[in-house]
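Chemist:
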Amino acid sequence: MDRGEIDEREAISLMSACLVAGMDTTVNAISSAIWLLALNPDQWAALRADLSLAQNAFEETVRLESPVQNFFRGLTREVEFGGIRLRRGDRVMMLLGSANRDPRRWGEDADGFDITRDTTGHVGFGGGTHRCAGMFLARLEGAAILSSLARRVASIELAGEPVRRLNHTIRGLESLPIAVEPSRV
């Protein structure tokens, strides 16, 4: 805005989008991580035994529970995809959540939660020019919270049935009742 490349209205819109988008997706990814770790006590034990897995635990969560499930893009040129000719201006829907569970890429256990999995190539943060601008901050926050919890909490268990927040684009939980046992160390 100061250089005159965008006006004040566009600057406010961009800043609002960054703040709002990052808050919902990061909060949803962190709550999903806690849920998945409660469902998979072996993975919780692995994280507690090796805190360096916190970053990958967050990445595996974003892969498996992709906070942004889909978005649309308009084609800037004609392309052929899967034997179908698409025209310039056509809109395509990217299904991030589906791509992140594709067994052709992630193997037979694509729906499993494994914090030691090589998560390279997941599209939970988008890709290319449309990659999430806040992904580095989200990764830092996610790893910090998970490693902090792993140092302080011996066990995480579900204390009721989680409730999903119903939204066609953003995947997250409305509520996540859990019980934790503090670490005695």
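For the sequence shown, our numbering gives the first residue as 37, with consecutive numbering after it. In this text, a Cβ means the ideal position worked out from N, Cα and C, and glycines have one as well. On a predicted model such as this, the values are computed, not experimentally measured, just so you know.
(1) CB-CB under 6 Å to residue 76, same chain, minus the five flanking residues each way: which ones, in chain order?
(2) Considering only C-alpha positions, which residue in the set 45, 51, 70 and 50 is nearest to residue 214?
(3) In three-state terms, what does DSSP make of residue 63?
(4) Kindly provide the ranges of any beta strand (DSSP E) runs that are 3 or more residues long and lie completely inside the segment 80-155, ordered along the chain.
(5) Pull the bridge partners of residue 211 from the DSSP assignment, please.
(6) Return the bridge partner residues of residue 192 from the DSSP annotation.
(7) Count the other CB atoms within 10 Å of the CB of residue 73; is the residue buried (16 or more) or exposed (fewer)?
(8) Throw me the rounded Cβ distance for the residue 218 and residue 180 pair, which I believe falls under 8 Å.
(9) Thinking C-beta only, is residue 153 closer than 7 Å to residue 101?
(10) So the candidates are 160, 185, 141 and 187; which of them puts its Cα closest to the Cα of residue 62?
(11) Looking at residue 83: is its Cβ nearer than 7 Å to the Cβ of residue 186?
(12) To the nearest angstrom, how far is the alpha carbon of residue 134 from that of residue 142?
(13) How would you call residue 90, buried or exposed, if buried means at least 16 neighbouring beta carbons within 10 angstroms?
(14) Measuring only the C-alpha atoms, how far is residue 59 from residue 48?
(15) With 16 other CB atoms within 10 Å as the buried threshold, where does residue 139 fall?
Modeler: The relevant details are as follows:
(1) 149
(2) That would be 70, whose Cα lies nearest to the Cα of residue 214.
(3) Three-state DSSP puts residue 63 in a helix.
(4) 106-110, 115-117, 120-122 and 127-131
(5) 199
(6) 216
(7) buried
(8) Their Cβ separation, rounded to whole angstroms, is 19 Å, which puts residue 218 and residue 180 out of contact at 8 Å.
(9) no
(10) 160
(11) Yes; because the gap between Cβ atoms is below 7 Å, this pair is in contact.
(12) 11 Å
(13) buried
(14) 17 Å
(15) exposed
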